[in-house]
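**Student:**
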Amino acid sequence: MLTLDWILIVIAGWLALGLIGIAALRNTAVVARVLFPAGAALALALAGLALGALFAPPETAVLAIGLPDLPFHLRLDGLSAFFLLVIGAAAVGISIFAAGYFRLGEGTPPGLMCLEYHLFLASMALVVLADDAYAFMVMWETMALSSFFLVTANHRVPAIREAGFLYLLVAHIGAIAILLCFGVLQANTGDYTFANMRAQTLSPMWASVAFLLATFGFGAKAGVLPLHVWLPEAHPAAPSPVSALMSGVMLKTAIYGLLRVSFDLLGAQLWWWGALLLAVGLATALYGVVFSAVQTDMKRLLAYSSIENIGLLFVGIGLGVLFNAYGMTALSALALTAALYHVLGHAFFKSLLFLATGSVLHSTGERSLGKLGGLMRRMPWVAWLSLVGVLASSGLPPLSGFVSEWLLLQSFLFTTGLPDSFLNMMVPVLAAGIALVSALAGYTMVKFFGVIFLGQPREPKLVNAHPSSRLERAGLAWLAAGTVLLGLVPVSVIGLIDPVTRLLVSGGIADAVRANGWLLLSPSSLDRASYSPLVFLVVVAVAVLLTALGVRKFYHGRLRRAPAWDCGFPAQTARMQDTAEGFGQPIRQIFEPFFRLHRELPSPFDAKPVYRVTIEDHFWHWLYLPIARLTSRIARVVGRLQQGRIAIYLLYSFVTLIVLLMVVKS
Amino acid sequence: MNTLLAQSINLFAVVLLVLAFAMIAQRRILTLIHLFTLQGASLVAATLVVAYLTGQSHLYFSAGMTFVLKVVLIPILLHRVIQRLNVRWDVETLFNIPTTMLIGIVLVIVAFNLARPIAGLSTSIARGTLGIALACVLLSFLMMIVRAKAVPQVIGFLSMENGLFFAATAATSGMPMIVELGIAFDVLVGILILGVFMFQIREQFDSLDIRHLEKLKED
Amino acid sequence: MSLAGLFAQLLAVVLALGLAPLLTGWINQWRAWLQGRRAPGLLQPYRTLHKLFNKESVVAENASPIFRVAPYIMFGSMALACGIAPTLSTDLPLAPAADAIALVGLFALARVFISLAAMDIGTSFGTLGARREMLVGFLAEPALLMVLFAASLISQSTSLAQIVETLAHRPFAIYPSLAVAGVAFTMVSLAENARVPVDNPATHLELTMIHEALILEYSGRHLALVEWAASLKLFAYSCIGLALFVPWGVAEADTPIAIVFAIPALVAKLTVGGVLLALIETINAKMRLFRVPEFLATAFLLAVIALLVHGLLGA
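For the record, the sequence lines run as chains A, B and C. First residue of the first sequence? That's 1 in the working numbering, and the numbers climb one at a time after it. First residue of the second sequence? That's 1001 in the working numbering, and the numbers climb one at a time after it. First residue of the third sequence? That's 2001 in the working numbering, and the numbers climb one at a time after it.
1) Please list the terminal residues of the continuous alpha helix (DSSP H) segment that includes V2292(C).
2) Give the residues from the region 418 to 430 of chain A that approach chain B closer than 8 Å (Cβ to any Cβ), ordered along the chain.
3) So is L2015(C) in contact with chain B if we call contact Cβ pairs under 8 Å?
4) State the CB to CB distance for the pair V128(A) and Y256(A), rounded to an integer number of angstroms; the pair is presumed to be in contact (CB under 8 Å).
5) Hey, which unbroken runs of the alpha helix (DSSP H) at 4 residues or more fall wholly within the region 2108 to 2160 of chain C?
6) Enumerated in chain order, which unbroken segments of the alpha helix (DSSP H) with a length of 4 residues or greater are wholly contained in the region 1135 to 1172 of chain B?
7) How big is the Cα-Cα spacing for A2243(C) and Y2237(C)?
8) Return yes when the Cβ of A465(A) is within less than 8 Å of the Cβ of T364(A), no when it is not.
9) Could you check what DSSP says for Y2218(C) in three-state terms: helix, strand or coil?
10) Which bits of chain C does L1011(B) rub up against, with CB to CB less than 8 Å?
11) What whole-angstrom Cβ distance do L521(A) and V491(A) have, given they're in contact under 8 Å?
12) For K252(A), does the count of other Cβ atoms within 10 angstroms reach 16, so buried, or fall short, so exposed?
13) Helix or strand or just coil, what does DSSP make of L1181(B)?
14) Compile a chain-ordered list of the residues in the region 1015 to 1035 of chain B whose CB is closer than 9 Å to at least one CB of chain C.
15) For the region 2227 to 2244 of chain C, list every residue whose C-beta sits within 7 Å of some C-beta in chain A, in sequence order.
16) Just confirm the distance between the C-beta atoms of M425(A) and N1113(B), as a whole number of angstroms; I'd bet it's less than 8 Å.
17) Closer than 7 Å, Cβ to Cβ, to anything on chain C: give me those residues from the region 455 to 482 of chain A, in chain order.
18) Which one of I2114(C), L2145(C), L2015(C), A2224(C) has the shortest CA to CA distance from R2047(C)?
19) Using 8 Å as the threshold, is the C-beta distance between F2304(C) and M2134(C) below it?
20) Find the residues of chain A that neighbour N1086(B), judging by a C-beta separation of less than 9 Å, and give them in chain order.
21) By DSSP, does H598(A) sit in helix, in strand, or in coil?
22) I'd like the ranges of any alpha helix (DSSP H) spanning at least 4 consecutive residues and lying wholly in the region 177 to 221 of chain A.
23) Helix, strand or coil: which one does DSSP assign to I310(A)?
24) Comparing alpha-carbon positions, which option in K371(A), V224(A), V184(A) lies nearest S208(A)?
25) For a cutoff of 8 Å on Cβ pairs, would you count A2297(C) as touching chain B?
26) What are the boundary residues of the beta strand (DSSP E) that D5(A) is part of?
27) Within 8 Å of any Cβ in chain C, is that where the Cβ of F536(A) sits?
28) Consult DSSP for R1202(B) and reduce its assignment to one of helix, strand or coil.
29) Can you confirm whether I590(A), when its beta carbon is compared against all beta carbons of chain C, has any partner nearer than 8 Å?
30) Are V280(A) and L334(A) close, meaning C-beta to C-beta below 8 Å?
31) Anything in chain A within Cβ reach of N1113(B), meaning under 8 Å, just list it in chain order.
32) Should L2003(C) be labelled buried (16 or more other beta-carbon atoms within 10 Å of its own) or exposed?
33) Taking the alpha-carbon of F1095(B) as reference, which of G1131(B), I1145(B), T1031(B), P1117(B) has the nearest alpha-carbon?
34) Using CA coordinates, which residue listed in P626(A), V613(A), A548(A), G584(A) is at the minimum distance from F2053(C)?
35) DSSP three-state call for F605(A): helix, strand or coil?
36) Is I1193(B) close to chain A? Criterion is C-beta to C-beta, closer than 8 Å.
Printed below as a string of structure tokens:
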């Protein structure tokens, strides 16, 4: 049997689990103890199969479902195998966590949740397997719809319904663009298989149209500026495992689509495509991280951080396109490796962080950063595991976020070889933007971790916060282990990415990297740059141990616990700690033009002083609201046709019929 | 020794560029004048080095003229102007300063790339710095656009002239003597007229904010 | 890895551990002299460290393990930084483990941990300090990276050892881009090491302190480690700066003789550098917190100019 068949069996298994979930609609025990763990096992199998398929030649299959004469073409090549690996590996942790997470009484019954969840997983896997526009679009829409229902699990909350609606709207506008893009790509041949699209050579103008449509369509799904507004609404609205799937995995299908269209389906590339992606990506990253730093809701903070990471991915892909357009294959491979490394890394650490917020939410019932604090003492497991995610997300060595940042900066440094002197000077300066974004990400993550887990509990009820369940911990631990592993053995991971870059730009950096041994990561030569996370970790650990031992040996280990110093003002309460808003204040001040800020300050005479600050998005006001107003105005004009009388409607049909007959006759 | 001197031209050029940026960022008018004086001084130094290396004696003369005019005379004039008018700060800029700086960086990149082909044609020892000179001109121009008060605008104008002068030195080892004399005279007359002009604006509007001039148009 | 290499590596780290407090003492002495005060002895930092190690550590009741681990991590990171930075030789076995970018990451790691530790107790000052430290950090990090980029474009390498070797071997010449980058690096170092225009290492005035607010809750051996790590950080920054902008005198082989000869050169450079630092700290006033972003933006701008000028004028 082919690997592809086994993968299809795994996907069918997911669908079967979903159907069983319907049968056990309100039976939480079955859903949580049997179905979700089984889903995790299938995900593990998928990851394993994908790992094998990475190095195997492409396989194809035709599924005779759907319309007659329009079967589903499927194809498993390096690119789809890599993204299947991302889906599978992240889904293992998320499914294990979900087994401990979903319970009765949260809107949608658990059985239905199970169906939607596994349908979501299966559709994502099929999106990356699709080999014709028809199958791709059907699966793309299934993915959007199943995630829409997952987002609106708590559909009794109006804000969640609105978030879901916005999500659906932007997803569909994006889908239309993707559909049009496929229409351009098939070049009037009427054959919508990807194989045919690969064979066509488009004129530069039409290729650019297709590329722009793809960037728009996939950008809408990925949450790229200015199509990002739905993301910070929809991702936090969903239950945490779903947020994790959406942020960690679903966004990556958009990246997959962009790579598939711009590298695989479109043959030659133009340099300004890369410049466009680079500019859009950098703007998105900066925008995302600045907004992330001022959020006061922990899940919104993470959602904005996802926007930032998508921006970084676009930057990497943009550099890849730029180098590829000038025929610099090795450098293009380096930039793409950085992007794909980040795809993998982000899938792990962002899922981990979203799941951690789920645990916190469950045990405290609170998502506002202003009311959390001190949870390190109550839920040490969640705290330590999410510390791993926090450090990776801040791009700190020796974890996964740093490796991709390092590779990305390296590819920026190589830009000086570009033939265009303008780009040659401009692009290295943009690396400063990447550095700023990653440093700001550190700021944001210190805020996230510090406000939730450190300090004193800001609310009395937090004292009753219970530790997370064992399954939740296991899910978190899987993702944390993945994050650490991705950080420590970059050379082996680059070996996994190599088949993908060979497929996309027919070049890879794995050989160059392996030449320097498994310990040192060095993309070209040791003289140029090298980094060894393992040595890094070991030396810091040894230094820490030696210091601790030395201090013990030469001095003493006396320690006394005492109340914290109160600055001579004993009447302090936990509410007087610095808040999340306070922590974001410097960012608010420095990046003020980014925000639409409304602030209400109390006057000195207020008996009950209230301080309120709301931060809104300029894009919402300057782009979305005008469009919405225009749409509703047009709708009102069209609405005049509605009279409410049957006779009038019959008249419309009658007139239409007559006109049609006339047209047909002439 | 001579190679070191030739390299020092580049250093002076970079100092000019950095000072141009500093002038964009500076809100205090007094410091602005100091920066302008420094810019003039580094221009003098660069011209002297070029003069020594190429042995063109008229460059010594123009260096001396620059010194008298831009390091001594005009700063003194400007000091007296701001003392008489009592202006110290120029807080209201068109864009905020970080945005202006970002635009400035883009301008520098544009200037460097524009100058590259032109510099290829030149045979002067300082041709590499043509891009920097062009960048100085553009930056000073930017400063004139974004400033709201009259005095910083005048300083921007003068600093633009510095950039032009440096460009002339860098590209062709200086302009003919007569042109330089003419320009120097023009600048001097220009600053005098602008000085009178500023006093008049103050008389008329009680402020040096040039936005008041918008009222002068016919409706 | 040869035995001599191992020896050189150990020597570099031990020398850094030993010399770092001396450098701090030297700067403090000069600061006092320049400000017309009577100076503490040169060995005062050692005495302080010894005293702090002997005291018992008082830890707040609600402190989590992060609070107790952070000083060790900070100290370990700084020790590694001193092991990587080309203080004495460019041929150290640890040098390939981290290039310039990783070194910046290492400093960021230490900063994140000490900020988390400051937030751990939940007093107002700790969080305030953490917030300010991260503010300075996120502005200084891109500027520092740009400086290192400007230097690495010259040598086509981000490996610090390689950069220093390339710079030291070139014929003596004036490099405008390096000069501008040097100014930018000095500004960043002042900010990163909590020095005067940005922060005052001697202050305990609550409204202005950054570094001192971070470590307000520490005492005893933990405080000693944090202080020692801070001097190590200053030492590492000084060595990186000296190696980049005054690269002469750094050994390029790992033979013990070459390294022993490199020590006087390093000490001489640090002696002068320390006086200069004290001078900068004396003639400048500490600025308001929200002037700090402008200060660092200037450093960043200078670094970008260095990068562009390098592109225009070439190497």
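Cβ coordinates follow ideal geometry from the N, Cα and C atoms, glycine included.
**Tutor:** The structure says:
1) Segment 2292 to 2313, the alpha helix (DSSP H) holding V2292(C).
2) Listed in sequence order: S421, F422, M425, M426, V429.
3) L2015(C) is outside the set of residues whose beta carbon lies under 8 Å from a beta carbon in chain B.
4) The Cβ separation is near 5 Å, so the contact holds.
5) Here the runs fully enclosed are 2124 to 2155.
6) Positions of the alpha helix (DSSP H) runs, each at least 4 residues long and wholly inside the region 1135 to 1172 of chain B, are given as 1150 to 1172 in order along the chain.
7) Our two residues, A2243(C) and Y2237(C), have alpha carbons roughly 10 Å apart in a direct line.
8) The answer is yes: Cβ separation under 8 Å.
9) Coil.
10) Residues of chain C whose Cβ lies closer than 8 Å to the Cβ of L1011(B) are, in chain order, I2174, P2176, A2179.
11) Between the beta-carbon of L521(A) and that of V491(A) there is about 6 Å, and that keeps the pair under the 8 Å contact cut.
12) Per the 10 Å Cβ criterion, buried.
13) In the structure shown, L1181(B) sits in a helix (DSSP, three-state: H, G or I).
14) Listed by position along the chain: V1015, L1017, V1018, F1021, A1022, A1025.
15) So the list is empty, because no residue satisfies the distance condition.
16) At roughly 7 Å, the Cβ-Cβ gap stays under 8 Å, so M425(A) and N1113(B) are in contact.
17) Against chain C - using a Cβ distance shorter than 7 Å - the residues of the region 455 to 482 of chain A are G455, Q456.
18) Of the candidates I2114(C), L2145(C), L2015(C), A2224(C), the one whose C-alpha sits nearest the C-alpha of R2047(C) is A2224(C).
19) Note that residue 2304(C) corresponds to Val in the displayed sequence, not to Phe. No Cβ-Cβ contact shorter than 8 Å links V2304(C) with M2134(C).
20) One finds nothing in chain A with a Cβ atom closer than 9 Å to the Cβ of N1086(B); even the nearest lies about 31 Å away.
21) If DSSP states are grouped into helix, strand and coil, H598(A) belongs with the strands.
22) Counting whole runs of 4 or more residues, the region 177 to 221 of chain A contains the alpha helix (DSSP H) stretches 194 to 199.
23) Of the three classes helix, strand and coil, the one that applies to I310(A) here is helix, per DSSP.
24) Measuring C-alpha to C-alpha distances from S208(A) to each of K371(A), V224(A), V184(A) identifies V184(A) as the nearest.
25) Using a CB distance cut-off of 8 Å, A2297(C) counts as an interface residue toward chain B.
26) Looking at the DSSP string, D5(A) is not in any beta strand (DSSP E); the run it does join, the alpha helix (DSSP H), is 3 to 23.
27) Cβ-Cβ to chain C under 8 Å: yes for F536(A).
28) Three-state DSSP puts R1202(B) in a helix.
29) Yes, its Cβ sits closer than 8 Å to a Cβ of chain C.
30) No, they are not a contact pair.
31) Residues of chain A passing the Cβ test: S421, F422, M425.
32) Burial call: exposed.
33) If we check each option's Cα against that of F1095(B), I1145(B) comes out closest.
34) Here the closest residue by C-alpha is A548(A).
35) Coil at F605(A), not helix or strand.
36) Put simply, the CB of I1193(B) is far from chain A, with every gap to its CB atoms at 8 Å or more.
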